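2 protein chains.
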Amino acid sequence: MYKSSTRSFPVYDSLRKAIIEQALKPGVKLPEDSIGETFSVSRTTVRNALVRLDAEGLVDLQPNRGASVADPTIEEAHDIFEMRQCLEREVMQRLCKMDSKPIVKALKAHLAEEQKYLDVDTTRSIRLAGEFHILLAELTGSKILANYVNEIVSRCSLVLARFAQAHSAQCGLEEHTEIIEAIAAGDADRAASQMHTHLHSVQDRALLNPEDEEKDNVSNILARYVTPDS
Amino acid sequence: MYKSSTRSFPVYDSLRKAIIEQALKPGVKLPEDSIGETFSVSRTTVRNALVRLDAEGLVDLQPNRGASVADPTIEEAHDIFEMRQCLEREVMQRLCKMDSKPIVKALKAHLAEEQKYLDVDTTRSIRLAGEFHILLAELTGSKILANYVNEIVSRCSLVLARFAQAHSAQCGLEEHTEIIEAIAAGDADRAASQMHTHLHSVQDRALLNPEDEEKDNVSNILARYVTPDS
DNA sequence: GATACAATGATTGAATACAATATTTTATTT
DNA sequence: AAATAAAATATTGTATTCAATCATTGTATC
Numbered sequence: 108m109y110k111s112s113t114r115s116f117p118v119y120d121s122l123r124k125a126i127i128e129q130a131l132k133p134g135v136k137l138p139e140d141s142i143g144e145t146f147s148v149s150r151t152t153v154r155n156a157l158v159r160l161d162a163e164g165l166v167d168l169q170p171n172r173g174a175s176v177a178d179p180t181i182e183e184a185h186d187i188f189e190m191r192q193c194l195e196r197e198v199m200q201r202l203c204k205m206d207s208k209p210i211v212k213a214l215k216a217h218l219a220e221e222q223k224y225l226d227v228d229t230t231r232s233i234r235l236a237g238e239f240h241i242l243l244a245e246l247t248g249s250k251i252l253a254n255y256v257n258e259i260v261s262r263c264s265l266v267l268a269r270f271a272q273a274h275s276a277q278c279g280l281e282e283h284t285e286i287i288e289a290i291a292a293g294d295a296d297r298a299a300s301q302m303h304t305h306l307h308s309v310q311d312r313a314l315l316n317p318e319d320e321e322k323d324n325v326s327n328i329l330a331r332y333v334t335p336d337s
Numbered sequence: 108m109y110k111s112s113t114r115s116f117p118v119y120d121s122l123r124k125a126i127i128e129q130a131l132k133p134g135v136k137l138p139e140d141s142i143g144e145t146f147s148v149s150r151t152t153v154r155n156a157l158v159r160l161d162a163e164g165l166v167d168l169q170p171n172r173g174a175s176v177a178d179p180t181i182e183e184a185h186d187i188f189e190m191r192q193c194l195e196r197e198v199m200q201r202l203c204k205m206d207s208k209p210i211v212k213a214l215k216a217h218l219a220e221e222q223k224y225l226d227v228d229t230t231r232s233i234r235l236a237g238e239f240h241i242l243l244a245e246l247t248g249s250k251i252l253a254n255y256v257n258e259i260v261s262r263c264s265l266v267l268a269r270f271a272q273a274h275s276a277q278c279g280l281e282e283h284t285e286i287i288e289a290i291a292a293g294d295a296d297r298a299a300s301q302m303h304t305h306l307h308s309v310q311d312r313a314l315l316n317p318e319d320e321e322k323d324n325v326s327n328i329l330a331r332y333v334t335p336d337s
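Quick mapping for you: the protein sequence lines, in order, are chains A and B. Each residue of the first sequence is one higher than the one before, counting from 108 in my numbering. Each residue of the second sequence is one higher than the one before, counting from 108 in my numbering.
This is how it looks when you write it as structure tokens:
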């Protein structure tokens with residue numbers, strides 16, 4: 108996966124996780140100095156991580172202005188979800204052409220994990236839900252496809268962080284179950300349509316409310332505290 | 108596209124072009140020092156370019172062992188072509204849902220360019236053939252899809268460099284024409300199947316001959332000069 | 001003659017240092 | 001007080017430096 112230098116990997120990995128888990132929200136500045144201090148590495152090392160994250164679309168790197176967490180527009184958001192539909196449809200079609208037994212076994216094991224932490228550890232639960240989709244892609248045996256799915260799933264997290272109400276858009280566990288069943292039955296059409304519905308429900312909850320909300324910058328936050336003159 | 112530092116862009120861009128045009132063949136080492144001298148920049152700058160190319164899959168970066176032009180295995184080669192089929196099918200489907208007029212106009216203009224340099228400037232001709240596919244993706248209006256197609260087309264060039272006989276695998280111009288016609292007719296199924304056939308013909312010419320040839324390293328070359336003891 | 005070990009040279013890993021560019025603050029003017 | 005200009009500060013761009021690792025050659029030992 109990430110083959111580059113030893114020291115920049117932890118930086119890359121932590122930033123990535125923080126962005127996906129929405130601890131670092133879209134638009135937040137990522138100064139090389141402070142990140143370097145946090146990880147006790149030099150800016151050179153931080154920069155490597157940032158260049159890579161920029162290439163993956165999670166970070167936005169602008170000349171002489173440094174890095175910030177990518178802040179997709181509503182158009183890009185739709186684009187990203189559409190791309191995800193395309194890639195995961197491909198995953199479904201490939202999986203249904205394969206021997207379903209080992210695939211279903213692996214998926215059920217993952218589902219058990221998901222169930223275990225549901226309502227117990229929210230952060231972990233959300234992460235596992237995302238990893239279900241990555242597992243699906245990996246089970247196709249295509250590293251390239253798995254990489255693309257991994258990337259697009261991450262970018263979807265970013266989109267949700269930007270546009271969705273808190274907790275409004277999680278994967279439904281029942282839907283994962285249904286997808287597994289369709290694969291077990293070897294029914295490519297049903298699997299693809301289940302997946303489509305599943306992703307669409309996530310997307311809808313996130314993007315249908317057309318309110319392209321303003322960011323929580325200082326003035327917007329303060330605006331809510333202005334006392335109306337009575 | 109590439110937003111990062113001014114000085115590393117030319118390095119990135121030149122390396123990329125050299126790899127796509129097969130001037131730099133798969134497996135060739137890319138030492139930071141000598142590349143830096145070539146472009147009169149420091150290793151820091153070169154390294155940035157290499158990290159990015161690694162993220163795009165054109166370069167292979169291994170810890171403490173530096174960079175080399177990516178050298179896909181035959182399995183990865185098939186994977187890459189399969190992925191390309193998936194992405195370009197998506198392009199076809201999207202284009203056929205749109206207003207065909209401006210799309211067909213742009214495509215015909217490009218085709219004229221292709222025709223102009225056919226049998227005149229081979230390098231340019233090959234480049235234009237690749238750019239036809241990238242133009243198709245751009246015309247969908249989705250930057251994300253266009254980026255993915257751009258990337259996968261580049262990686263296909265790499266695959267061809269590795270496995271195809273010289274000049275054996277170029278895009279056929281007539282096939283491009285037929286694709287345009289299908290789009291003009293708004294026939295998504297036909298467009299997708301034309302594209303599938305087109306890509307398959309390129310792939311076949313490249314990958315069907317199962318000889319996974321050895322590389323021209325010193326020992327392989329010398330092996331041919333060993334005088335048999337008589 | 002083959003293998004293991006040691007020394008050398010070459011190449012990469014990563015921090016520091018300095019230059020260039022943005023951003024913010026302060027000062028000045030209207 | 002508002003707008004502009006200038007200075008100061010902070011941040012990024014890139015080269016240089018030193019340390020760490022790898023590859024190769026040479027040497028010794030079995």
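We treat Cβ as the ideally placed atom computed from N, Cα and C, and that holds for glycine. If you're wondering where the values come from, they're calculated on a predicted model, not measured in any experiment.
Taking a Cβ-Cβ threshold of 7 Å, the residues of chain A close to V158/B are S111, N155, V158, R159, in chain order. Against chain A, the beta carbon of E245/B has no neighbour under 9 Å; the closest one sits roughly 13 Å away.
With fewer than 16 other CB atoms across the displayed protein chains lying within 10 angstroms of its CB, V227/B is exposed. Those residues of the segment 247 to 271 of chain A placed with their C-beta closer than 9 Å to a C-beta in chain B are G248, S249, K250, I251, L252, N254, Y255, I259, R262, ordered along the chain.
For D186/B, the residues of chain A that pass the 9 Å Cβ criterion are G248, S249, K250, I251, L252, in the order they occur in the chain.
Using a 10 angstroms sphere on the CB of R172/B, the tally of other CB atoms stays under 16, which defines it as exposed.
The DSSP-derived three-state label of A174/B is strand.
E288/B has a beta carbon lying at 7 Å or more from every beta carbon in chain A.
When beta bridges are read from the DSSP output, L168/A appears opposite A174/A.
For A177/B, same chain residues with a beta-carbon under 7 Å away, outside a window of 5 residues either side, are P133, G164, L165, V166, D167, L265 in chain order. For chain B, the residues of the segment 196 to 219 of chain A that bring a beta carbon within less than 8 Å of one of its beta carbons are E197, in chain order.
DSSP places Q277/A in no alpha helix (DSSP H); its state is neither H nor E.
Pairwise C-beta distances place the segment 191 to 207 of chain B in contact with the segment 292 to 303 of chain B, as three or more of them are shorter than 8 Å. Taking a C-beta distance under 7 Å as the contact criterion, S115/A and T152/A qualify as a contact pair. Taking a beta-carbon distance threshold of 7 Å, C193/B counts as an interface residue toward chain A. The beta-carbon separation of Q129/B and A268/B, rounded to 4 Å, stays under the 8 Å limit for a contact. The three-state secondary structure of L225/B, taken from DSSP, is coil.
No residue range can be given for A292/B, since it is assigned to no alpha helix (DSSP H) and is classified by DSSP as neither H nor E. Distances from the alpha-carbon of L235/A to those of T180/A, V158/A, G279/A put G279/A closest. Taken in chain order, the segment 209 to 253 of chain A contains no complete beta strand (DSSP E) segment of 3 residues or longer.
The continuous alpha helix (DSSP H) containing D161/A extends over residues 150 to 162. Comparing alpha carbon positions, the residue from R201/B, Q200/B, L202/B, E189/B closest to V198/A is E189/B. From the beta-carbon of A162/A, the residues of chain B found nearer than 7 Å are R159, A162, E163. By the C-beta criterion, the segment 229 to 247 of chain B is judged to be in contact with the segment 214 to 221 of chain B, since at least 3 inter-stretch pairs fall below 8 Å. Within the same chain, F188, R191, Q192, E195 come within 8 Å of L306/B by CB-CB distance, once the 5 residues on both sides are set aside. Those residues of the segment 126 to 155 of chain A placed with their C-beta closer than 8 Å to a C-beta in chain B are T151, R154, N155, ordered along the chain. Among the residues facing chain B, M302/A is not included, as its CB has no counterpart in that chain under 7 Å away. Here L137/B carries a strand assignment [DSSP, helix/strand/coil]. Around the beta carbon of D186/B, 16 or more other beta carbons lie within 10 angstroms, which makes this residue buried. Taking C-alpha positions only, R297/A is separated from V148/B by approximately 55 Å.
Q272/B is classed as exposed because its beta carbon has fewer than 16 other beta carbons within 10 Å across all chains shown. A residue is called buried when at least 16 other Cβ atoms come within 10 angstroms of its Cβ; E258/A meets this threshold and is buried. In the three-state scheme derived from DSSP, where H, G and I count as helix and E and B as strand, L315/A is classed as coil. In this structure, the CA atom of E281/A is about 22 Å from the CA atom of T247/A. Secondary structure of E183/A (DSSP, three-state): helix.
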